Amino acid sequence: GAAAGAGFVGALAVVAVWRGHAPAAGANALGAAVVRWLQTAAPQALDNVYPDATPGGVAIAVALGAAIGAIFGGMLDRLPEDHPVAWGAVLALATWAVAAWGVVPALDPVAGRVFEPRHLLAAHLAYGMILGSWVHAGRLILDPPAAPADAA
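For the sequence shown, this note's numbering assigns the number -5 to the initial residue and increments by one for each residue that follows.
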């Protein structure tokens, strides 16, 4: 989950650059949830690297990614089909909806000014797909499929 959270920050950096901001804008937009002075700063202020907001935003994404990933891992065995990548995409859509229309407007309006819901969707899909792929790869390592029997 933490690795997927880091992937989320990476996806936000790509989206930030695509939107004309510096790569740090994504982490700063997240960090503004706890570094309140950034809430009232000009939008271009998000393009700078700050000793509090930038690592704070990364820490928020990694911690939330780990927590949501742990919940995801615990739920996965209870889901009707065992397709972690597909369920990761479903999780991404669910977390995106909660973030875009609940958490971001309430706790972090800076992120809402920098990223529209569709931009947040890209980062959430990256998170969900990385998380699902990580779980799938871990299962293949821990329990590799049996080699096919030789036909000879």
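We put the beta carbon where it would ideally sit given N, CA and C, even for glycine. Quantities reported herein were computed from a predicted structural model and do not represent experimental measurements.
query, result
"Just mark P78 as buried or exposed, buried being the case when its beta carbon has 16 or more other beta carbons within 10 Å.", "buried"
"Assign I62 to one of two classes, buried (16 or more other C-beta atoms within 10 Å of its C-beta) or exposed (fewer than that).", "buried"
"Compare the C-alpha of G90 against each of A27, D76, P111, L101 and name the closest.", "Residue identity differs from the one stated: residue 90 is Trp in this sequence, not Gly. Here the closest residue by C-alpha is P111."
"For V11, count neighbouring C-beta atoms within 10 Å of its own C-beta (all shown protein chains included) and say buried if the count is 16 or more, exposed if not.", "exposed"
"Output the distance between the C-alpha atoms of A18 and I54, rounded to the nearest integer angstrom.", "14 Å"
"Straight-line CA distance for G68 to I135?", "19 Å"
"For G4, which three-state DSSP category applies?", "helix"
"For Y44, does the three-state DSSP call read helix, strand or coil?", "coil"
"Indicate the three-state DSSP secondary structure (helix, strand or coil) for F66 in the structure shown.", "helix"
"Please list, in chain order, all residues of the same chain as A1 whose beta carbon is under 7 Å from its beta carbon, the five residues on each side excluded.", "Rather than Ala, the amino acid found at residue 1 in this sequence is Gly. These residues qualify, in order along the chain: A120, Y121, I124."
"To the nearest angstrom, how far is it from the Cα of R72 to the Cα of A7?", "34 Å"
"Would you please state the rounded distance, in angstroms, between the beta carbons of D41 and H15? I believe it to be under 8 Å.", "5 Å"
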